[in-house]
Amino acid sequence: MFTKRVVMRYPTKLVDKPIVSKLVKDYNLDFNILKASVTPNEEGLLVLELIGDRKNYTKAMEYLKSLHVTIQPFKHDITRNEKRCTHCGACITACPSEALVVDTKTKKILFNEKKCIACELCIPICPVRAMEMHY
Ligand code: SF4
Ligand code: SF4
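Numbering (our numbering), first residue to last: 115 to 249.
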């Protein structure tokens, strides 16, 4: 089974189109939506985790590109600015994936990028803006 996280940006005219359901129906891909939004200039933005067969994934990407959807690999787009973090712990309760936890020995807040699903909930909560989003 092949799993890939991608950032999709698509033009205004496609915002209302059932692009994701087509990935399921025509390319047999399963998906998790990690983030979905429409930017101020009405460009659509989706962060998806796609699961399925590698060949079908490749064909699905070709289909999306034919629609002028921009595809980028999803990297660990949330980072923590270690110089800013004061280890206050305010972000822990916001994090749904336990990517932010307390080290019981040191009482420091640990950030595990591999568990982060880029939901951005920690960003407005952090009083010193240590959690940062990058695309
Ligand atoms: S809320 Fe900000 S400063 Fe506090 S522990 Fe989390 S990242 Fe660090
Ligand atoms: S972006 Fe979401 S999942 Fe990632 S560390 Fe922040 S709250 Fe947790």
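All C-beta atoms, glycine included, are put in the ideal place defined by N, C-alpha and C.
Query: Is the stretch 222-229 in contact with the stretch 189-207, if contact means three or more CB pairs nearer than 8 Å?; Result: yes
Query: With DSSP as the reference, identify every bridge partner of residue 188, one or two as the case may be.; Result: DSSP output for residue 188 lists no bridge partner at all.
Query: Run through the stretch 161-207 for me and flag every whole beta strand (DSSP E) of 3 or more residues, listed as ranges in chain order.; Result: 184-187 and 192-194
Query: State the start and end residues of the unbroken alpha helix (DSSP H) segment that holds residue 135.; Result: 133-141
Query: Can you tell me where the beta strand (DSSP E) holding residue 147 begins and where it ends?; Result: 144-152
Query: Does the CB of residue 116 have a neighbour CB from chain C at under 7 Å?; Result: In the structure shown, chain C does not exist; there is a single protein chain.
Query: Residue 223 lies in the beta strand (DSSP E); which residues open and close that run?; Result: 223-225
Query: For the beta strand (DSSP E) containing residue 216, list its first residue and its last residue.; Result: 214-216
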